[in-house]
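Asks: Using the working numbering, read the sequence shown as starting at 90 and increasing by one per residue. Note that the Cβ used here is the ideal one computed from N, Cα and C, for glycine as well. Right, I'll just put the structure down here and ask away after.
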Amino acid sequence: MSRVDILGVRFDALTPDEAVLAAEALPRGSRVVTPNPEIVMAARSDPELMEIINGSGLVTADGIGIIYAAKILGRKLPGRVTGIGLATALLERMAGRGGSVYLFGARPGVAEKAGEKIVSDFPGIVIAGTHDGYFADDADIVEDINRASPDLLLVCLGAPKQEKWMASRTGVVDAGLMMGLGGVLDVYAGNVRRAPKLFQKLGLEWLYRAVTQPSRFKRIRKLPGFLFAALRERGREKK
Ligand code: UDP
90 MSRVDILGVR FDALTPDEAV LAAEALPRGS RVVTPNPEIV MAARSDPELM EIINGSGLVT
150 ADGIGIIYAA KILGRKLPGR VTGIGLATAL LERMAGRGGS VYLFGARPGV AEKAGEKIVS
210 DFPGIVIAGT HDGYFADDAD IVEDINRASP DLLLVCLGAP KQEKWMASRT GVVDAGLMMG
270 LGGVLDVYAG NVRRAPKLFQ KLGLEWLYRA VTQPSRFKRI RKLPGFLFAA LRERGREKK
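Structure representation (structure tokens):
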């Protein structure tokens, strides 16, 4: 599979549909990560995180900022493949086969609520288990996941906690596929609304979220620095 380097993070150059097929074709126990500009910046100053991301089975570009950076660098990335879009497409296809999913992360009660919504949206899917994302020791959680042995494990602890957790539990946790998905359980549970379709289409979901959840505003402050880093990198490559 061809990967495209954006400031050290190697993204899979796939359309959303191709990403679904690629995720399904990964060997059992693989990890999927969906970095946005903020995570790329974090990985640039955290070599362990960079290695974890690049060592994942699938690395998709979550966020229009990544696509802008690809354009700046003259690299070909077909477009965004958001974590929530990829997870939803996988759940939809799994429902037809009676596939099972374990929901791990978010505040107590959120994963259960998300599970109810997933079952009502995709009848046939089996919720293999749930656990909130606030823990001191994860031994019981790992045991619970392994007892359930789900086809898909959604790990929603926020970045980079979820990436580090998945890497440290690779080969320990028994799941078909693990995906690190940030606040996705809050969205499935209906606690956080996705941006209206028009914002999604224009790639302005980040703007909508920043305005409706002011706590997020500090995050998009990272975007200019990220784009500058891409410009500097282009300057270096041209020399
Ligand atoms: N979270 C968690 N455990 C923690 C910290 C965060 O389960 O120790 C959850 C939090 O409740 C939220 C998600 O991780 O559901 C992070 O969501 P956010 O939207 O901040 O993450 P992003 O999508 O931006 O990575």
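1. Would you tell me roughly how many angstroms separate the C-alpha atoms of residue 316 and residue 158, rounded to the nearest one?
2. Figure out for me which residue from 217, 284 and 247 has the closest Cα to the Cα of residue 194.
3. Along the chain, where does the beta strand (DSSP E) that runs through residue 218 open and close?
4. Around the ligand UDP, which residues pass a check of Cβ closer than 6 Å to any of its heavy atoms?
5. Enumerated in chain order, which unbroken segments of the beta strand (DSSP E) with a length of 3 residues or greater are wholly contained in the segment 113-179?
6. With distances taken Cα to Cα, identify the nearest neighbour of residue 233 among 312, 306 and 261.
7. In whole angstroms, what separates the C-alpha of residue 188 from that of residue 210?
8. Grab me the residues of residue 115's own chain with a C-beta within less than 7 Å of its C-beta, minus the 5 sequence neighbours each way, in chain order.
9. Measure how close the beta-carbons of residue 297 and residue 206 come, nearest whole angstrom, since I'm counting them as under 8 Å.
10. Span of the alpha helix (DSSP H) holding residue 312?
11. Please classify residue 275: does DSSP put it in a helix, a strand, or coil?
12. Return the first residue and the last residue of the alpha helix (DSSP H) that residue 231 is part of.
13. With residue 127 and residue 323 assumed to form a contact (beta carbons below 8 Å), what rounded beta-carbon distance in angstroms separates them?
14. Does the structure place the segment 92-108 close enough to the segment 154-171 that three or more beta carbon pairs sit under 8 Å?
15. Short check: CB of residue 176 to CB of residue 212, under 8 Å?
16. Can you grab the Cα-Cα spacing for the pair residue 139 / residue 268, in whole Å?
Replies: Concretely, from the data shown:
1. It is roughly 6 Å from the alpha-carbon of residue 316 to the alpha-carbon of residue 158.
2. Ranking the options by Cα distance to residue 194, first place goes to 247.
3. Looking at the DSSP string, the run of the beta strand (DSSP E) that includes residue 218 is 215-220.
4. Ordered along the chain, the selected set is 194, 195, 196, 222, 223, 245, 246, 247, 248, 250, 271, 272, 274 and 275.
5. Look at the segment 113-179 and you find these whole runs of beta strand (DSSP E), each 3 residues long or longer: 119-122.
6. Distances from the CA of residue 233 to each of 312, 306 and 261 were compared; the closest alpha carbon is that of 261.
7. For residue 188 and residue 210, the distance between alpha carbons rounds to 14 Å.
8. These residues qualify, in order along the chain: 146, 147 and 266.
9. Rounded, the Cβ-Cβ distance is 21 Å, inconsistent with contact.
10. Residue 312: member of the alpha helix (DSSP H) spanning 311-327, first to last residue.
11. Looking at residue 275 - three-state DSSP - the assignment turns out to be helix.
12. Unbroken alpha helix (DSSP H) run through residue 231: 228-237.
13. 20 Å between Cβ atoms; not a contact.
14. Judged by pairs of C-beta atoms under 8 Å, the segment 154-171 touches the segment 92-108, as three or more such pairs exist.
15. Against a cut-off of 8 Å, the Cβ pair of residue 212 and residue 176 comes out as no contact.
16. The straight-line gap from Cα to Cα measures roughly 16 Å.
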